[in-house]
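J.:
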Amino acid sequence: MNIEQMTEILQNIIMQAVQLAQEKQSPDIKPEHILYAMVNDDSLEGIWQRLHISQEELRSFIEQALTRIPTVSGSTQPQLSNDVMQAYNHALKRMQKQNDSYMSTVTFLLGLFDSKATIIEQIKQQFHITTSDIEKAEEERRGGMTMDEKTNESQLDALSKYGHDLVKEVKDGKIDPVIGRDEEIRRVIEILSRKTKNNPVLIGEPGVGKTAIVEGLAWRIMQGDVPLGLKDKKLIELDMGALIAGAKYRGEFEERLKGVLKQVQQADGGIILFIDEIHNLVGAGKTEGSMDAANLLKPMLARGELKCIGATTFDEYRKYIEKDRALERRFQKIMVQEPSVEDTISILRGLKDRFESHHGVRIKDEAIIAAATLSNRYITDRFLPDKAIDLIDEACATIRVEMDSMPAELDELSRRIMTLQIEETSLKEETDSKAKDRLEEIRKELADLKEEQTAKLSKWQAEKSEADEIKNYKEELEKAKLALTQAENAANYETAAKLKYETIPNLAKKINEADVEKADAMVHQVVDEDMIAKIVSQWTHIEVSRLMSTERQKILHLPEALSKRVMGQPDALRLVSDAIMRSKANIQDENRPLGSFMFLGPTGVGKTEVAKALAQQLFDDESKIVRIDMSEYMEKFSVSRLVGAPPGYVGYEEGGQLTEAVRRSPYSIVLLDEIEKAHPDVFNILLQILDDGRITDSKGVTVDFTNTIIIMTSNLGSQYAFDDDPEHREEHYMSEVHKFFKPEFINRIDEIIVFNALGNDVLAQIAEKFLAQLRNRLK
1 MNIEQMTEIL
11 QNIIMQAVQL
21 AQEKQSPDIK
31 PEHILYAMVN
41 DDSLEGIWQR
51 LHISQEELRS
61 FIEQALTRIP
71 TVSGSTQPQL
81 SNDVMQAYNH
91 ALKRMQKQND
101 SYMSTVTFLL
111 GLFDSKATII
121 EQIKQQFHIT
131 TSDIEKAEEE
141 RRGGMTMDEK
151 TNESQLDALS
161 KYGHDLVKEV
171 KDGKIDPVIG
181 RDEEIRRVIE
191 ILSRKTKNNP
201 VLIGEPGVGK
211 TAIVEGLAWR
221 IMQGDVPLGL
231 KDKKLIELDM
241 GALIAGAKYR
251 GEFEERLKGV
261 LKQVQQADGG
271 IILFIDEIHN
281 LVGAGKTEGS
291 MDAANLLKPM
301 LARGELKCIG
311 ATTFDEYRKY
321 IEKDRALERR
331 FQKIMVQEPS
341 VEDTISILRG
351 LKDRFESHHG
361 VRIKDEAIIA
371 AATLSNRYIT
381 DRFLPDKAID
391 LIDEACATIR
401 VEMDSMPAEL
411 DELSRRIMTL
421 QIEETSLKEE
431 TDSKAKDRLE
441 EIRKELADLK
451 EEQTAKLSKW
461 QAEKSEADEI
471 KNYKEELEKA
481 KLALTQAENA
491 ANYETAAKLK
501 YETIPNLAKK
511 INEADVEKAD
521 AMVHQVVDED
531 MIAKIVSQWT
541 HIEVSRLMST
551 ERQKILHLPE
561 ALSKRVMGQP
571 DALRLVSDAI
581 MRSKANIQDE
591 NRPLGSFMFL
601 GPTGVGKTEV
611 AKALAQQLFD
621 DESKIVRIDM
631 SEYMEKFSVS
641 RLVGAPPGYV
651 GYEEGGQLTE
661 AVRRSPYSIV
671 LLDEIEKAHP
681 DVFNILLQIL
691 DDGRITDSKG
701 VTVDFTNTII
711 IMTSNLGSQY
721 AFDDDPEHRE
731 EHYMSEVHKF
741 FKPEFINRID
751 EIIVFNALGN
761 DVLAQIAEKF
771 LAQLRNRLK
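Residue 1 is where the sequence shown starts when you use our numbering, and the numbers rise one by one after that.
1) List in chain order: all unbroken beta strand (DSSP E) runs of 3+ residues lying wholly within the segment 607-689.
2) If you measure between the beta carbons of F597 and I753, is that distance less than 8 Å?
3) L790 and T708: beta carbons closer than 8 Å?
4) Determine the direct distance from the alpha carbon of R256 to that of S115, and round the result to whole angstroms.
5) For D681, collect the residues of the same chain with a Cβ closer than 8 Å to its Cβ; drop the 5 residues on either side in sequence, then sort them by chain order.
6) Please tell me whether K464 and M406 are closer than 8 Å, where the distance is taken between their beta carbons.
7) For D365, count the other beta carbons within 10 Å of its own beta carbon; 16 or more makes it buried, fewer makes it exposed. Which is it?
8) Mind checking which residues open and close the beta strand (DSSP E) that includes T431?
9) Out of G717, V18, R362, I369, state which residue places its alpha-carbon closest to the alpha-carbon of E736.
10) Would G644 and S714 qualify as a contact pair, given that the criterion is a beta-carbon distance under 8 Å?
11) Fully enclosed by the segment 205-243, which beta strand (DSSP E) runs are 3 residues long or longer?
12) What is the DSSP secondary structure of P31, counted as helix, strand or coil?
13) Rounded C-beta distance between I334 and P385? I'm assuming under 8 Å.
14) From T287 to E254, what does the alpha carbon distance come to, in whole angstroms?
15) Please name the residue or residues paired with H164 in a DSSP beta bridge.
16) Figure out for me which residue from I29, Q25, A21, D621 has the closest Cα to the Cα of M1.
17) To the nearest angstrom, how far is the alpha carbon of A480 from that of D100?
18) Take F127 and list the residues in its own chain whose beta-carbon comes closer than 6 Å to its own, dropping the five residues that flank it on each side.
19) Can you give the beta carbon distance from V662 to V703, rounded, assuming they're within the 8 Å contact cut?
20) According to DSSP, what are the bridge partners of S714?
21) Would you decide whether H279 is buried or exposed? Buried here means 16 or more other CB atoms lie within 10 Å of its CB.
22) Compute the beta-carbon to beta-carbon distance between I442 and K474, rounded to the nearest angstrom, for a pair I have assumed lies under 8 Å.
23) Find the nearest neighbour of Q453 within the set Y493, A483, D411, E429, judged by alpha-carbon distance.
24) Can you tell me whether T105 is buried or exposed? The criterion is at least 16 other CB atoms within 10 Å of its CB, across all chains shown.
25) Where does Q525 land, buried or exposed, given buried means 16+ other C-beta within 10 angstroms?
26) So, are the CB atoms of V282 and D324 less than 8 Å apart?
27) Going straight from the alpha carbon of A245 to that of N506, what length do you get?
28) With distances taken between CB atoms, is the gap from L159 to I236 smaller than 8 Å?
29) Taking C-beta to C-beta, are E787 and V167 nearer than 8 Å?
30) Using DSSP with H/G/I as helix, E/B as strand and the rest coil, what is M103?
31) What are the boundary residues of the beta strand (DSSP E) that Q332 is part of?
32) Evaluate K233 with the Cβ neighbour count: other Cβ atoms within 10 Å of its Cβ, from every protein chain shown; 16 or more gives buried, anything less gives exposed.
33) Using a Cβ-Cβ cutoff of less than 7 Å, which residues in the same chain neighbour F383 once the five nearest sequence positions on both sides are dropped?
34) Between K97, L112, R94, V170, which has its C-alpha nearest A87's C-alpha?
35) So does the segment 358-378 actually touch the segment 492-501, counting three or more Cβ pairs closer than 8 Å?
36) Among N12, Q5, M567, Q64, which has the Cα closest to the Cα of Q765?
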């Protein structure tokens, strides 16, 4: 046997067979050893699939055969058996007939089948396969390729190893239907229908639905709702992770990719390749003296031999693909924008049935609307519809966990019974009359509680079984809908009619009859608005009451709430309230912060207290204040600390003190203390925040300030605080402000508010308020 005449994969299999024979102390290397090594090798997975043989069943069958092989004691080198040598000779003839330079694994397998060894005859009978079945499977796998090189076999079945067919997954019901995105799907179809440069690349933020657009195309191909040029095409998603993983040697990754591309080329336009995160191709496999994967694609992309759909984000496209102009010009860009709240609600309504059948719960329409609106408003670092879908999914999962767990009332009952049983055990040994009376009371209470527990337990189990029954009906309904789609596509109208007019209506009727909400139910299987708000609260740490209470009520009662907290400053509070009301009424530009104020006045008159009161009333937590002492930013070099140090400088990884704080807590008061002490460059940063409601930090992340209130305090003009004439006092303050700050900065502030010095009567009220708080603490 000439092992050098074999492909790398077959060489490896023969070595494993030799090793197995040594481990089993077998005197000969038999067909069983080689077959076992073949079954354990991933390269033949496609052959077993085409033959409809379970790899596990075949493995266990050969394992049993291995136990029947006689063993010898002592460490002897096993020799090739006559059956194996006979198989090798048959395989050599086949190899020459196929014009192969190297013997492949399946050629050797066919040689084994030609040898008619005992194990081969048993496999033929057990698994109902013939030599011609294997020949057909190998012909399909090869696609006309010959074994000219040792590594050629590793390129066979590359698509099934490193990719999966999305159209097939749609047929199998593994991919949810896609709602919306018709315009983008149509654009993809138009580009794919071109003669050359027919390669669309989907560019958009993470979570906006780039992959969903490709899945939507797979649905259309399955339904036949595509132009003639795309009908019956395979849409293969390439798994870049699998392609790169385990490529130990130089050139191995390129060999794998070449195998994929060769198979696509041989399909003669029958395969559309989808590469998610396509920017990973740029630089992949690149070492000194070799080119990256993107360069292997370029010739085929330019000639139109490869139809490829890519997907990537704006940042990655700019960073990797835009730099490679030769690669960029071969792709046609499709910008995927974030859907609106209304579009997201439509998407969620379309996915509702899938989530209901998977989790076995019922989703109210109010929950869908809440998921879209609350996620859009409060979860600012992610994109629709992904964040809204995640909200619905997590809410359904939470309800399902509650359904599968023992209800709280039943749990409390069990704990109460356990406590009384412990008490009963300890009182049994007591002899005095009081203990006996108490024992009698406990026994009576235990009897009542156990009776109640039995009744509630049976009720809970009955409700749980009803819920499980509804879940099964919903799963059956989803399967029936999928079967209907498959039957219609296969033109099997008899089956389609039976499903459409009999099976599906019957299941829908059963679900409607069983799915009735009971007022006293122990098992709650409904996802409502409150549950969505609870999940948003867990994600954002904003109180549920804040999410559910109407914004209008909070704003209308803002003046009263502020006046309860801050005394002696009615004019200041009125100006603050009016400015925030204007913002909330959409009179003010919605792209600016909720309010921007400069508070002037002496220390201790309530400037910081107003900030705390606003945080409490608007954000339900007075600690929602980002406080920055501007006296720390007097030097020019310290300014960068607000938005983060530039790349290459110390502190770049930490981010900016202002931007990071607002990014983590987008609903907060930004309090800039002693603003006049800041370096003039700080005001340039504040200009953008006050005007556009956003700023980009040193890492390129845009931080949203539209849900914040900017409050700046200043001691300018404090020497006029105790001026007897209020009008002159305010004029002096404003004069100082106009002298110090530039006009463009002052014009961007909503209100400049002068706080009055407190009179004795107000000080007495404040003292009484704090004394009352002290009395409460001492009680």
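Heads up, the beta-carbon is just placed ideally off N, CA and C, and yes, glycines get one too.
T.: On the basis of the supplied data:
1) 625-629, 669-673
2) yes
3) The structure shown does not extend to residue 790, since the chain spans only 1 to 779, so no value can be given for it.
4) 33 Å
5) K636, V639
6) no
7) exposed
8) Where T431 is concerned, there is no enclosing beta strand (DSSP E), given that its DSSP letter is neither H nor E.
9) G717
10) no
11) 234-238
12) helix
13) The Cβ separation is near 18 Å, so there is no contact.
14) Residue placement at T287 cannot be trusted, given a pLDDT of 46 that sits under 50; what the coordinates show is reported in the next sentence. Going from the Cα of T287 to the Cα of E254 covers about 11 Å.
15) E237
16) I29
17) 49 Å
18) I53
19) 5 Å
20) L600
21) buried
22) Contact flag wrong, Cβ pair sits at about 46 Å.
23) D411
24) buried
25) buried
26) yes
27) 49 Å
28) yes
29) This structure does not reach residue 787, given that the chain is present from 1 up to 779, and the question cannot be answered.
30) strand
31) 332-335
32) buried
33) E205, P206, G207, V208, E338
34) L112
35) no
36) M567
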